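A quick write-up on the structure given underneath.
Numbering (my numbering), first residue to last: -10 to 666.
Take a look at the structure:
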């Protein structure tokens, strides 16, 4: 699993600043000739043709060519030098020790030696123009003898080896380019002008010339987002490139269910209805599964900005909705210089199940066409713990809620699980390749200790071990997952947190609590800290590597500061939770309360109160963090009819806790991209 630290939100000013700083950093950065790995071609000799060897071919009309740009250029700017010969070497060989002599205006000179790329015989390197005046540059090809033998990608052998081709001996005669002049002035020469980021509505596709816009054009889900940690145990942070709305304007709408007040016959009662949100947003297109009357369930693609439908493929006819995006930069080929022409590719993917998938799907983003790959060999990958940019972590699962003699003897009461966890296997596997079976996708397979979460009966002979949240809450940056367990004491109280390594599969630490963790869904992990909410309102931060308690916050409001929502989020060094008394934000590393957001209620409409003791609407639903904002909604664990009036979708400043906007419907925040939610 690729592991990388998250970045903060990039603003337009920050992007422009970075680009300008980067331009001037080039002035002081060390300059290295861009040369391939020169190991190999051990039999080749640079210089005059050697005596006493047989030469099958001699190339007498070699042309050495040199080019450099820009010209003229400003002092302390960098120019690029390109050089090559014709004819080039063969498809499996390269040229050694191209020599470029560079003479500055003060008469000082330097030599640069560089090998060519394989096959095309080209080479290039940057150089700093640090003096004003006329520079002289000249390229010398010194000649090269290549012995007969077997070659592959620049490697030479007298005997055949894998992928090698036979070549006769040859000799390339020396040549030199004309001496050429570079003019360096006191002026500063600008490159392509920066495009300002849009301040109004903008559309897809984005022009290839608007490179700066990439900073605000992130897709959903973010490639480094920690998704699919079981039961919402992920950070719900959408990454630094996704923008989300600053206002609650409706740009389009579509009715997908029957909802609202039924009518006089039903009195004040009605139905909230149920609609979904996109699983993936990619380049302005939304991908979702929904029901079309008369057709059934369809895998659909529609425009994010307009709602225009691009396709609706019935699931019964093979339609599949993607769940993730995998980005891949192809490996270099035998001609390294060609690598720059191949961009990073993105693939929309899904699996048929997250409990033990049997098929991997790759979906064409334009047509919805599906390619299917089998995952059933070796028993399949097991239950998926987490996904990140083309890599899955999954675990061979246990039986769910069963009376298990092994568990009875090893897990009852507060027995240590250091050596007695349920033995299983943890897999790390990739979707990037086109391999047709799971075994070839498997990167690692390690022994793993699985532990149940909570709700074991007080009597072993009647116990049914609960595996809800069994895989814990992972921080893929530090490679550890934390499993919370509760109800040790007569199935009522007490709890435990267990740290398990995702790289070794071993239990790292165990910590017991007198209080009980609220739920596996009220733990969040980020920046090496696991933040756990408890039943009596406490919030505790644990060091994920050691299990040490970093901080405890026990000042949440009375009486409702302990009824946590079954979701959480983390970003910008802050952990976010929602409860019946509002939305809270805590520093990940100190536990300091960053802010507490209350939603004042109309009198007699709710029995809940906020931090000031006044009536306030409760929070219990999902929440996300995107573009420096927290999006969450009012709700209860089990809402009763008639439903509470005044419930809303909220947009809150993620840093200050100030309300930005409030939409008069408790809509569930889902995917976000390109400034839309």
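No residue lacks a Cβ here, since even glycine has one placed at the ideal position from N, Cα and C.
Predicted model only: the values in this text are computed from it and were never measured.
#1: Hey, out of 460, 484, 337, whose CA is closest to residue 499's CA?
#2: Relative to the alpha-carbon of residue 568, which residue among 57, 648, 522, 190 has its alpha-carbon at the smallest distance?
#3: What's the gap between the Cα of residue 211 and the Cα of residue 232?
#4: Which residues in the same chain as residue 534 place their Cβ atom closer than 6 Å to its Cβ, once the five residues preceding and following it in sequence are excluded?
#5: Would you say the segment 150 to 169 touches the segment 123 to 134, given that touching needs at least three Cβ pairs under 8 Å?
#6: Rounded to the nearest angstrom, how far is the Cβ of residue 114 from that of residue 70, given a contact under 8 Å?
#7: Within the continuous alpha helix (DSSP H) that includes residue 634, where are the two ends?
#8: Give a yes or no on contact between the segment 301 to 311 and the segment 267 to 278, applying the rule of three or more CB pairs nearer than 8 Å.
#9: Considering only residues of the same chain and omitting the five flanking positions on each side of residue 429, which have a CB-CB separation below 8 Å?
#10: For residue 431, I'd like the list of residues in its chain whose CB is within less than 7 Å of its CB, leaving aside the five on either flank, ordered along the chain.
#11: Grouping DSSP H, G and I as helix and E and B as strand, with all else coil, what is residue 368?
#12: Relative to the C-alpha of residue 552, which residue among 626, 288, 76 is closest?
#13: Taking residue 523 as part of the alpha helix (DSSP H), name the residues at either end of that continuous run.
#14: Rounded to a whole number of angstroms, what is the C-alpha to C-alpha distance between residue 44 and residue 96?
#15: Have a look at residue 68 and residue 59 and give me their C-alpha separation to the nearest angstrom.
#16: Per the contact definition of three or more C-beta pairs closer than 8 Å, is the segment 610 to 622 in contact with the segment 555 to 565?
#17: With DSSP collapsed to three states, give me the class of residue 614.
#18: In or out: residue 658 buried (at least 16 other Cβ within 10 Å) or exposed?
#19: Which stretch, first to last residue, makes up the alpha helix (DSSP H) that contains residue 428?
#20: Report the option in 157, 300, 295 whose CA atom is closest to the CA atom of residue 134.
#21: Taking C-beta to C-beta, are residue 385 and residue 355 nearer than 8 Å?
#22: For residue 284 versus residue 303, is the C-beta spacing smaller than 8 Å?
#23: State the beta-bridge partners of residue 163 as determined by DSSP.
#24: Short of 8 Å in beta carbon distance, which residues of its chain neighbour residue 592, apart from the five on each side in sequence? Order them along the chain.
#25: Does the separation of the CB atoms of residue 271 and residue 367 fall below 8 Å?
#26: Any chance the segment 224 to 243 sits against the segment 200 to 207, with 3 or more Cβ pairs inside 8 Å?
#27: Just to confirm my understanding: we take residue 194, look at its own chain, exclude 5 residues before and 5 after, and list those with CB closer than 8 Å. What are they?
#28: Pick helix, strand or coil for residue 205, following the three-state DSSP scheme.
#29: Label residue 83 either buried or exposed according to how many other C-beta atoms from any shown protein chain fall within 10 Å of its C-beta, with 16 as the threshold for buried.
#30: Tell me the DSSP bridge mates of residue 583?
#31: What do you get for residue 587, buried or exposed, if any count of 16 or more other CB atoms within 10 angstroms of its CB means buried?
#32: For the candidate residues 192, 289, 198, 494, whose alpha-carbon lies nearest to that of residue 433?
#33: Taking the Cβ atom as the reference point for each residue, do residue 597 and residue 520 lie within a distance shorter than 8 Å?
#34: Spatial neighbours of residue 352 within its chain, please: C-beta separation below 6 Å, excluding the five flanking residues on both sides.
#35: Assign residue 200 to one of three DSSP states: helix, strand, or coil.
#36: Helix or strand or just coil, what does DSSP make of residue 474?
Quick look at the numbers:
#1: Nearest C-alpha to residue 499: 484.
#2: Considering only alpha carbons, the answer is 522.
#3: The alpha-carbon atoms of residue 211 and residue 232 are separated by roughly 12 Å.
#4: Sequence-distant Cβ neighbours of residue 534 in its own chain, meaning closer than 6 Å and more than five residues away, do not exist here.
#5: At 8 Å Cβ cutoff, the stretches touch.
#6: For residue 114 against residue 70, the beta-carbon gap comes to about 6 Å, under 8 Å, which counts as contact.
#7: For residue 634, there is no enclosing alpha helix (DSSP H), as DSSP marks it with neither H nor E.
#8: Segment contact: the segment 301 to 311 against the segment 267 to 278, three or more CB-CB distances shorter than 8 Å; contact assigned.
#9: So the list reads 422, once near-sequence residues are dropped.
#10: 416, 418, listed in sequence order.
#11: Three-state result, residue 368: helix.
#12: Answer by Cα proximity: 626.
#13: If you look at residue 523, you'll find it isn't in any alpha helix (DSSP H); DSSP assigns it neither H nor E.
#14: The alpha-carbon separation between residue 44 and residue 96 amounts to approximately 41 Å.
#15: Spanning the alpha carbons of residue 68 and residue 59 requires a straight line of approximately 6 Å.
#16: In short, these stretches touch, since the Cβ pair count reaches three.
#17: Strand at residue 614.
#18: By the neighbour-count rule (16 or more Cβ atoms within 10 Å), residue 658 is buried.
#19: Note, residue 428: alpha helix (DSSP H), 427 to 430.
#20: Taking each of 157, 300, 295 in turn and checking the Cα distance to residue 134, the smallest one comes out for 157.
#21: In this structure, residue 355 does not lie closer than 8 Å to residue 385 by Cβ.
#22: Yes; because the gap between Cβ atoms is below 8 Å, this pair is in contact.
#23: Answer by DSSP bridge pairing: none, since residue 163 is not bridged.
#24: Cβ within range, chain order: 604.
#25: No, the pair does not count as a contact, with Cβ atoms beyond the cut-off.
#26: A contact exists between the segment 224 to 243 and the segment 200 to 207.
#27: Around residue 194: 272, 273.
#28: Helix, per DSSP.
#29: Buried.
#30: Beta-bridge annotation (DSSP): residue 583 is not paired with any residue.
#31: Its Cβ being crowded by 16 or more others within 10 Å, residue 587 is buried.
#32: Comparing alpha-carbon positions, the option among 192, 289, 198, 494 lying closest to residue 433 turns out to be 494.
#33: Result no, Cβ atoms of residue 597 and residue 520 do not sit closer than 8 Å.
#34: The residues 309, 311, 337, 359, in chain order, have a CB closer than 6 Å to that of residue 352 in the same chain once the five nearest residues on each side in sequence are set aside.
#35: Taken through DSSP and simplified to helix, strand or coil, residue 200 comes out as helix.
#36: Strand.
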